[in-house]
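Undergrad: One structure is given below, represented as structure tokens, and several questions about it will come after.
Residue numbers (the UniProt record's numbering): 1 to 117.
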């Protein structure tokens, strides 16, 4: 079975998605502020994680020794991924992607520390 290749988006399409996501954030918070800068308590009040998502994040945080700061960054990224997908809530998929991006970043940092490329 062959996998269908993903359709590449044009720069214009990506720009439109980003603008739409930013507008969603401005509307959510009632001011021109993005997920990356809004206080975490406000972000969580407007977009709470489900109990299952909290448990998943806590499990990964314990497994990979993630600090509270790292977990906050993951939640912010998951909210942004959900905004780009035009979903009202942080989806399980958005949280998984955010955690996977974090693991990829850590993998690159480990390679760089060892002098690998």
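C-beta atoms are modelled at their ideal positions from N, C-alpha and C, and glycine is treated no differently.
Could you name each continuous beta strand (DSSP E) segment of 3 residues or more that falls completely within the segment 2–26, going from the start of the chain to the end?
TA: Those beta strand (DSSP E) runs which fall completely within the segment 2–26 and span 3+ residues do not exist here.
Undergrad: Residue 36: which of 73, 48, 67 sits nearest, CA to CA?
TA: The option with the nearest alpha carbon to residue 36 is 73.
Undergrad: What are the boundary residues of the alpha helix (DSSP H) that includes residue 45?
TA: Residue 45 -> alpha helix (DSSP H) spans 40–46.
Undergrad: Could you tell me the boundaries of the alpha helix (DSSP H) in which residue 68 lies?
TA: 68–84 is the span of the alpha helix (DSSP H), which, as asked, contains residue 68.
Undergrad: Return helix, strand or coil for residue 87, following the three-state DSSP convention.
TA: Residue 87 falls in the coil class under three-state DSSP.
Undergrad: CA-CA distance, residue 98 and residue 24?
TA: If you take the alpha carbons of residue 98 and residue 24, they lie about 19 Å apart.
Undergrad: Can you give the Cα-Cα distance for residue 1 and residue 13, rounded to whole angstroms?
TA: With a pLDDT of 48 at residue 1, under the threshold of 50, the modelled position of this residue cannot be trusted, and the question is left open.
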